[in-house]
Amino acid sequence: MFIESFRVESPHVRYGPTEIESEYRYDTTELVHEAKDGASRWVVRPKSVKYNFRTSTAVPKLGVMLVGWGGNNGSTLTAGVIANREGISWATKDKVQQANYYGSLTQASTIRVGSYNGEEIYAPFKSLLPMVNPDDLVFGGWDISSMNLADAMTRAKVLDIDLQKQLRPYMESMVPLPGVYDPDFIAANQGSRANNVIKGTKKEQVEQIIKDIREFKEKNKVDKVVVLWTANTERYSNVCAGLNDTMENLLASVDKNEAEISPSTLYAIACVTEGVPFINGSPQNTFVPGLIFLLVLE
Numbered sequence: 001m002f003i004e005s006f007r008v009e010s011p012h013v014r015y016g017p018t019e020i021e022s023e024y025r026y027d028t029t030e031l032v033h034e035a036k037d038g039a040s041r042w043v044v045r046p047k048s049v050k051y052n053f054r055t056s057t058a059v060p061k062l063g064v065m066l067v068g069w070g071g072n073n074g075s076t077l078t079a080g081v082i083a084n085r086e087g088i089s090w091a092t093k094d095k096v097q098q099a100n101y102y103g104s105l106t107q108a109s110t111i112r113v114g115s116y117n118g119e120e121i122y123a124p125f126k127s128l129l130p131m132v133n134p135d136d137l138v139f140g141g142w143d144i145s146s147m148n149l150a151d152a153m154t155r156a157k158v159l160d161i162d163l164q165k166q167l168r169p170y171m172e173s174m175v176p177l178p179g180v181y182d183p184d185f186i187a188a189n190q191g192s193r194a195n196n197v198i199k200g201t202k203k204e205q206v207e208q209i210i211k212d213i214r215e216f217k218e219k220n221k222v223d224k225v226v227v228l229w230t231a232n233t234e235r236y237s238n239v240c241a242g243l244n245d246t247m248e249n250l251l252a253s254v255d256k257n258e259a260e261i262s263p264s265t266l267y268a269i270a271c272v273t274e275g276v277p278f279i280n281g282s283p284q285n286t287f288v289p290g291l292i293f294l295l296v297l298e
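Residue numbers (UniProt numbering): 1 to 298.
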């Protein structure tokens, strides 16, 4: 059986007028190596950590700013949401395809919530908590290329031509903000498209990113902003004592314009400063120890 929504009644869940609060206990084990009576041994000990979650029941108007907005990932994501929002259908080589969110964890999957009279009961994943409808997302972001999103979509060669033609009027006016470019951290072949970059020192670049986030939020009248890295994967940054191992050292390194502070870490610093979530979409060590300390403090 399939149900559209449900309410949880549990001593670990509390529904308030504006928030849902829940408690979750994570049980695991930890290993300790002990020396006793001249011999060593491994000891396994149970460990329990309690987490408290608080979720607003009000669904915000959400802005999503993509780092690398004009790349293959950013342009395709934007195009996909617009195609769904506008209900676009297009011809492929063998059929007419209707836009859908198949493959989306939140929009196209279900979860088992229990059983009723011996029958398994399922509900949409998106009914777990109040969630933003992706059709309502407001997109923006940065890219080191000034190409508009319609041309970026064509360059990416991901979508069918018929779909591209229908999306072009919606995407031609979408132009990325200048992005942080450091050729030492990404592939050399990106240099030819780097005509839209934030100038200045690393500290000035962080300040510009903060300014961009604030202006995007104000211009689009969004309640919240999420920043997602969809740009090229960077090389790993060196983690060194005195450079990025503590919050104080990381911020001092930014002030001193240290070369080993990566662009992704600069975006993350700006987001932490603004209280904006930053999602690292690449396998790079953006979250150096000093950044983690900064996040905890904030």
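Note that the Cβ used here is the ideal one computed from N, Cα and C, for glycine as well.
In this text, all values refer to a predicted model and were calculated from it rather than measured experimentally.
Suppose you measure from the CA of residue i to the CA of residue j; what does that come to, to the nearest Å?
{"i": "Thr233", "j": "Gly71", "result": "12 angstroms"}
{"i": "Met171", "j": "Lys61", "result": "20 angstroms"}
{"i": "Leu243", "j": "Lys224", "result": "32 angstroms"}
{"i": "Lys199", "j": "Ser264", "result": "16 angstroms"}
{"i": "Val113", "j": "Arg85", "result": "29 angstroms"}
{"i": "Trp42", "j": "Thr29", "result": "12 angstroms"}
{"i": "Cys271", "j": "Ser115", "result": "43 angstroms"}
{"i": "Glu120", "j": "Met1", "result": "6 angstroms"}
{"i": "Lys217", "j": "Gly140", "result": "10 angstroms"}
{"i": "Pro183", "j": "Gly16", "result": "50 angstroms"}
{"i": "Val206", "j": "Val158", "result": "32 angstroms"}
{"i": "Leu137", "j": "Ser173", "result": "17 angstroms"}
{"i": "residue 380", "j": "Thr201", "result": "Examination of residue 380 is not possible in this model, given that the chain is present from 1 through 298 alone."}
Write down the C-beta distance between residue i and residue j rounded to the nearest angstrom, noting that I regard them as a contact closer than 8 angstroms.
{"i": "Trp229", "j": "Gly290", "result": "Actually they are not in contact, since the Cβ atoms of Trp229 and Gly290 sit about 18 angstroms apart, beyond 8 angstroms."}
{"i": "Asp212", "j": "Leu177", "result": "5 angstroms"}
{"i": "Asp143", "j": "Asn196", "result": "6 angstroms"}
{"i": "Val59", "j": "Pro130", "result": "5 angstroms"}
{"i": "Thr106", "j": "Ser56", "result": "Not really, about 17 angstroms apart at Cβ, beyond 8 angstroms."}
Taking the DSSP output, what are the residues bridged to residue i?
{"i": "Arg45", "result": "Glu30"}
{"i": "Ile279", "result": "Leu228"}
{"i": "Ile213", "result": "BP columns for Ile213 are empty, so no partner."}
{"i": "Ile20", "result": "Tyr15 and Thr55"}
{"i": "Pro178", "result": "Asp143"}
Counting contacts by CB-CB distance shorter than 8 angstroms, is residue i in contact with chain B?
{"i": "Ser5", "result": "The question asks about chain B, but that chain is absent: this structure has only one protein chain."}
With H, G and I counted as helix, E and B as strand and the rest as coil, what does DSSP make of residue i?
{"i": "Val132", "result": "coil"}
{"i": "Val13", "result": "strand"}
{"i": "Pro183", "result": "coil"}
{"i": "Tyr122", "result": "strand"}
{"i": "Met147", "result": "coil"}
{"i": "Thr154", "result": "helix"}
{"i": "Val113", "result": "strand"}
{"i": "residue 302", "result": "Since the first residue of the chain shown is 1 and the last is 298, residue 302 is not available in this structure."}
{"i": "Ser253", "result": "helix"}
{"i": "Lys221", "result": "coil"}
{"i": "Phe293", "result": "helix"}
{"i": "residue 299", "result": "Any answer about residue 299 is impossible in this case: the structure gives the chain only from 1 up to 298."}
{"i": "Ala241", "result": "coil"}
Confirm, please, whether the CB-CB distance from residue j to residue i is below 8 angstroms.
{"i": "Pro134", "j": "Val81", "result": "yes"}
{"i": "Val226", "j": "Val288", "result": "no"}
{"i": "Val67", "j": "Ala231", "result": "yes"}
{"i": "Arg25", "j": "Lys47", "result": "no"}
{"i": "Ser5", "j": "Ser127", "result": "yes"}
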